[in-house]
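Down below is the structure, laid out as structure tokens.
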Amino acid sequence: MRTKCQAHADAARKNRTTTPAKLPLLIALVSTTPWACADEQTEQRLQFCKTCHRPGYSVSYVPTLDGQPRAYLFDQLMAFKEKRRPSDGHQRYWGPLSEKDMSAVADHFSANPPVREFFDVDANKVAAGQSKAQALQCASCHQPDFAGKDSVPRLAGLQPQYAAGQIRAFTAGSRQHPRIDGKSGISQGDAESLGQYLAQVR
Ligand code: HEC
Ligand code: HEC
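In short: position in the sequence shown from 1, add 5, done, that's our numbering.
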């Protein structure tokens, strides 16, 4: 079945091949794009994002977005768009997103329950990460259960290599964090232990 969106695209294409006298009509058509068209594009984008951001896919470096606070997700999409947070993929290949898309993405993933996966973690590193997190009071912002709130992300159950990688990015200064920078005294080993600890918090 042809959708409203495809029908609209066909109508616009047909107009483009006609005489210049039809130009005002074409402009009118484009500027009154039916709502169904924009919504379908947003939905298609979301499905594309889910080829990576889906439950069970965090085996690699892909973070789960399910259960992240809405404000945090929106902030990060804006940070990719404004190049405050580096990511070739999100900037060059599958971005930039419109504010409407960003809102839809943030609404969608924040409404899903967090994904609980079991990672193969090292007990000694988990213990070391736990004492470091306590000493540095990470829970004061990320919440006692590390579930996050508003613009502060959930850390409980994050993919361990991803969490460690982000902590290293904060210490290297390629991504900004309110408490972690090159002077926080967090070593490469600490980043790994913190990642292992946070991954298994339930
Ligand atoms: C090819 C796989 C892939 C696709 C497709 C993809 N992402 Fe990502 N996404 C990643 C990876 C890997 C990261 C971690 C980036 C980093 O290292 O900072 C990420 C990070 C993110 C983050 C930050 C998560 C956090 O916890 O801070 C958001 C938000 C995000 N992606 C949204 C999207 C949206 C929206 C789309 C679709 C338009 C999308 N991604 C498509 C792989 C992907
Ligand atoms: C003052 C509040 C505050 C404290 C304390 C804090 N954080 Fe954060 N953290 C944040 C905020 C805000 C962000 C989101 C940064 C951004 O917008 O990119 C964040 C982001 C993160 C992320 C990225 C998560 C993701 O999905 O990409 C990690 C990992 C992290 N913090 C770990 C820690 C650790 C480990 C500690 C303790 C050493 C800590 N944080 C202490 C506020 C805080």
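Don't be surprised by glycine CBs; every beta carbon is placed ideally from N, CA and C.
Computed from a predicted structure; not experimentally measured.
Looking at D195: is its Cβ nearer than 7 Å to the Cβ of K130?
As a first step, residue 195 must be located in the sequence shown, where it is residue number 190. As a first step, residue 130 must be located in the sequence shown, where it is residue number 125. No, they are not a contact pair.
Are R50 and D106 closer than 7 Å when you measure CB to CB?
As a working mapping, residue 50 is identified with position 45 in the sequence shown. As a working mapping, residue 106 is identified with position 101 in the sequence shown. Contact: yes.
Find out if the Cβ-Cβ distance for the pair R121, G61 is shorter than 7 Å.
Within the sequence shown, numbered from 1, the residue matching residue 121 stands at position 116. Within the sequence shown, numbered from 1, the residue matching residue 61 stands at position 56. Not in contact: R121 and G61 (Cβ atoms no closer than 7 Å).
Measure the CB-CB distance between G134 and Q201 and report whether it falls below 7 Å.
Here residue 134 refers to the residue found at position 129 when the sequence shown is read from its first residue. Here residue 201 refers to the residue found at position 196 when the sequence shown is read from its first residue. It is a contact, given that the beta carbons lie within the stated cut-off.
Unbroken stretches of the alpha helix (DSSP H), 4 residues or longer, contained in the region 131-188
As for any alpha helix (DSSP H) of minimum length 4 sitting wholly inside the region 131-188, the runs are 144-147, 165-177, ordered along the chain.
Quick check on DSSP: helix, strand or coil for N129?
If you number the sequence shown from 1, residue 129 lands on position 124. Looking at N129 - three-state DSSP - the assignment turns out to be helix.
Nearest-angstrom Cα distance between D71 and P158?
Looking up residue 71 in the sequence shown gives position 66. Looking up residue 158 in the sequence shown gives position 153. D71 and P158 have their alpha carbons spaced roughly 11 Å apart.
So D112 packs on R75, CB below 8 Å; how close in whole Å?
Along the sequence shown, read from residue 1 onward, the residue named residue 112 stands at position 107. Along the sequence shown, read from residue 1 onward, the residue named residue 75 stands at position 70. About 7 Å separates the two Cβ atoms, so the contact holds.
Would you report the Cα separation of C54 and E48, rounded to the nearest angstrom?
Sequence index remark: in the sequence shown, residue 54 carries index 49 (1-based). Sequence index remark: in the sequence shown, residue 48 carries index 43 (1-based). The alpha-carbon atoms of C54 and E48 are separated by roughly 10 Å.
I'd like to confirm something about Y66: is its beta-carbon nearer than 6 Å to some heavy atom of ligand 1, or not?
Residue 66 sits at position 61 when you count from the first residue of the sequence shown. Checking every heavy atom of ligand 1 against the Cβ of Y66, one is found closer than 6 Å.
Short of 7 Å in beta carbon distance, which residues of its chain neighbour S189, apart from the five on each side in sequence? Order them along the chain.
Looking up residue 189 in the sequence shown gives position 184. Result list for S189: T176, in chain order.
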